[in-house]
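Structure, as structure tokens:
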Amino acid sequence: QELHVDLGNISYDIKIAKGLRHTIGTEIKNIFNGRKIALITDENVDKYYGSETEKSLKNQGFDVRKIVLKAGEKTKSFNSLMTLYNEFIDFNLTRSDLIITMGGGVIGDLGGFAAATYLRGIKFVQFPTSLLAQVDSSVGGKVAVDLEKGKNLVGAFYHPSLVIIDSEMLDTLPDRVFNDGMGEVIKYGLIGDKELFDKLYNAGGRNDVMKIIDDVIHTCCDIKRIVVEKDEKDTGLRMILNFGHTIGHAIEKYFNFEKYTHGEAISIGMYEITKISEEKGLTEKGTADRIINILVKYDLPYDVKIDNKEEIIDTISLDKKNLNNVLNLIVLDKIGSCRIIKESRQFFIK
Ligand code: NAD
Ligand code: ZN
Numbered sequence: 008q009e010l011h012v013d014l015g016n017i018s019y020d021i022k023i024a025k026g027l028r029h030t031i032g033t034e035i036k037n038i039f040n041g042r043k044i045a046l047i048t049d050e051n052v053d054k055y056y057g058s059e060t061e062k063s064l065k066n067q068g069f070d071v072r073k074i075v076l077k078a079g080e081k082t083k084s085f086n087s088l089m090t091l092y093n094e095f096i097d098f099n100l101t102r103s104d105l106i107i108t109m110g111g112g113v114i115g116d117l118g119g120f121a122a123a124t125y126l127r128g129i130k131f132v133q134f135p136t137s138l139l140a141q142v143d144s145s146v147g148g149k150v151a152v153d154l155e156k157g158k159n160l161v162g163a164f165y166h167p168s169l170v171i172i173d174s175e176m177l178d179t180l181p182d183r184v185f186n187d188g189m190g191e192v193i194k195y196g197l198i199g200d201k202e203l204f205d206k207l208y209n210a211g212g213r214n215d216v217m218k219i220i221d222d223v224i225h226t227c228c229d230i231k232r233i234v235v236e237k238d239e240k241d242t243g244l245r246m247i248l249n250f251g252h253t254i255g256h257a258i259e260k261y262f263n264f265e266k267y268t269h270g271e272a273i274s275i276g277m278y279e280i281t282k283i284s285e286e287k288g289l290t291e292k293g294t295a296d297r298i299i300n301i302l303v304k305y306d307l308p309y310d311v312k313i314d315n316k317e318e319i320i321d322t323i324s325l326d327k328k329n330l331n332n333v334l335n336l337i338v339l340d341k342i343g344s345c346r347i348i349k350e351s352r353q354f355f356i357k
């Protein structure tokens, strides 16, 4: 399956198919006529897919330098950027060469930012390997690194030249990482596609989802494509992709990014905001209950014990999306449809 993200002269394709990793060399050949490729990945992904990907590229005559970083969020740092820049220079990578990011959102965001900044910008291809990266982070052009003070504080809008998605690679994901990505997949169903929601609702869990995975990925990428085409720089509509995230971010922070993964935290966020909006009559009755039912299928949490609710509400009010004490919140009208509302912190206090 194929999608085209239409952004004028920075448009690009998203290719989705099982086994694409075997023919990545030919896919790259179609969009790139240079010779050198820096292939960035992490240790986990390298273990499973490093050598075969390198081989497929070398078979097409490319000169490949594989750069393997440690796995995990800590790698999305300035230190890693330095490592990458030094490797690029050592490899004599020029502006007419190419970077490929093979990994989850960490490698995509970091490698994408390196591509955006090295020599003022060099072409790159997203080759996402986690579910979250395949349905979310590889599409849309947001690339970044973290600072001590917070996540994604330094970054750019810089789009790839191509996104290559091989859903077979999800087979090696640990369950918790797979389910983490399901949090975002469920989000797409909730904000924009009742049919997707129903499919996930009727599926029994990971194994059932894998039977329809290409279709699921295609639907999610298509929703993201439509939103990004209308609001590339995130000044309005793109906010709807943050459904569940305002509370979710506060929960991640409250527990020092240790207790919950991002997908788990936004699951709680999606449920909690819907419970409130339903009570206020903004959302169709029964929606919050259906959210519980779908989350538990994917081992995702929905409620949470918070001793200090004030702290959570303070964090929410400090969220970067908050301008002049007005919070932009995303609420569901019903499953498959959402809207942006402007509220004060009072919204969260009964
Ligand atoms: P990640 O990159 O850390 O990957 C999760 C884990 O899965 C890692 O341990 C990784 O090594 C492993 N892994 C990845 N693919 C695998 C495979 N095929 N088989 C076995 N193991 C595999 O994290 P993530 O959840 O993919 O992404 C999270 C990051 O994405 C965060 O930094 C977040 O800020 C970012 N993000 C960016 C955007 C965006 O628009 N740019 C959107 C959402 C999230
Ligand atoms: Zn998210």
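In the working numbering, the protein residues as written are 8 to 357. Cβ atoms here follow ideal geometry from the backbone N, Cα and C, with glycine treated the same way. Remember, predicted model here, so these are calculated numbers, not experimental data.
Measure from the alpha carbon of residue i to the alpha carbon of each residue in the options, then state which is nearest.
i    : options                   : result
D27  : Q353, I172, T82 and V146  : First, the amino acid is wrong: residue 27 is Leu here, not Asp. Per the Cα distances, I172.
F185 : L197, G212 and R102       : G212
Q141 : E202, M189 and D53        : M189
Y165 : L248, I347 and D241       : D241
D13  : F262, F204 and L169       : L169
F134 : Y125, D296, G68 and S144  : S144
I254 : V152, S324, G68 and I193  : S324
C345 : V234, H269 and E239       : V234
L138 : T294, K81 and M109        : M109
G199 : I273, I247 and G243       : I247
F69  : E34, G79 and L76          : E34
D349 : I193, S87, T322 and I337  : Rather than Asp, the amino acid found at residue 349 in this sequence is Lys. Ranking the options by Cα distance to K349, first place goes to I337.
I31  : S63, L88 and I258         : S63
L100 : Y309, G79 and Y125        : Y125
V161 : E61, G243, L88 and T294   : L88
S58  : A45, K73 and I44          : K73
G148 : E202, E61 and S18         : S18
K77  : K65, V71 and K54          : K54
L289 : I273, I347, E236 and I313 : I347
K341 : A295, R245, I258 and V52  : A295
L339 : V146, L46 and S284        : S284
I298 : N214, K194 and E239       : K194
G157 : A210, N335, F264 and F355 : F264
Give the straight-line distance between the Cα atoms of residue i and residue j, rounded to the nearest whole angstrom.
i    : j    : result
K292 : T136 : 37 Å
S351 : H256 : 17 Å
L177 : K266 : 23 Å
G196 : L117 : 28 Å
E271 : N300 : 15 Å
E318 : G15  : 44 Å
F120 : M277 : 29 Å
Y56  : F95  : 21 Å
V150 : G115 : 7 Å
L180 : S174 : 11 Å
T281 : Y92  : 44 Å
H225 : D321 : 37 Å
P167 : I44  : 14 Å
F131 : A122 : 6 Å
L206 : V216 : Note that residue 206 is Lys in the sequence shown, not Leu. Distance between the alpha carbons of K206 and V216 is about 8 Å.
V113 : T48  : 9 Å
F250 : N315 : 23 Å
E286 : A163 : 39 Å
E202 : V223 : 10 Å
Y208 : H269 : 21 Å
R359 : Q67  : Coverage of the chain is limited to positions 8 through 357, which leaves residue 359 absent and any answer about it impossible.
N332 : F98  : 49 Å
H29  : G111 : 19 Å
G343 : V71  : 44 Å
I356 : D310 : 17 Å
N51  : K312 : 33 Å
I258 : H252 : 9 Å
E155 : I275 : 25 Å
G128 : I273 : 33 Å
G79  : G243 : 31 Å
For residue i, is the beta carbon positioned less than 7 Å from some heavy atom of the ligand COA?
i   : result
L27 : Ligands in the displayed structure: the ligand NAD and the ligand ZN; the ligand COA is not one of them.
Q) Between the stretch 221-230 and the stretch 304-312, do three or more beta carbon pairs fall short of 8 Å? A) Not touching, per the Cβ criterion.
Q: At 3 residues or longer, and completely inside the stretch 148-232: list those beta strand (DSSP E) runs for me, N to C.
A: Along the length of the stretch 148-232, whole beta strand (DSSP E) runs at least 3 residues long occupy 149-154, 157-164 and 169-172, reported in chain order.
Q.
Please give me, in chain order, every unbroken run of the alpha helix (DSSP H) with length at least 4 that falls completely inside the stretch 18-101.
A. With a minimum length of 4 residues, the unbroken runs of alpha helix (DSSP H) contained wholly in the stretch 18-101 fall at 31-38, 58-65 and 85-97.
Q.
Below 8 Å, how does it come out for the stretch 28-42 and the stretch 99-111: are there three or more Cβ pairs, yes or no?
A. With the cut-off at 8 Å, the stretch 28-42 and the stretch 99-111 touch.
Q) With distances taken from each beta carbon to the nearest heavy atom of the ligand ZN, which residues come in below 6 Å, in chain order? A) Residues whose Cβ lies closer than 6 Å to any heavy atom of the ligand ZN, listed in chain order: E191, H252, H269 and I273.
(Q) As an exercise, report each continuous alpha helix (DSSP H) stretch of at least 4 residues that is fully enclosed by the stretch 220-301, in chain order. (A) Within the stretch 220-301, the complete alpha helix (DSSP H) runs of at least 4 residues are 220-237, 252-261 and 269-286.
Q.
Three Cβ pairs or more, each shorter than 8 Å: is that satisfied between the stretch 77-88 and the stretch 16-24?
A. The stretch 77-88 makes no contact with the stretch 16-24, as fewer than three CB pairs between them are under 8 Å.
Q) Can you list, in chain order, the stretches of the beta strand (DSSP E) that have 3 or more residues and sit fully within the stretch 104-151? A) As far as the stretch 104-151 is concerned, its whole beta strand (DSSP E) runs of at least 3 residues are 105-110 and 130-135.
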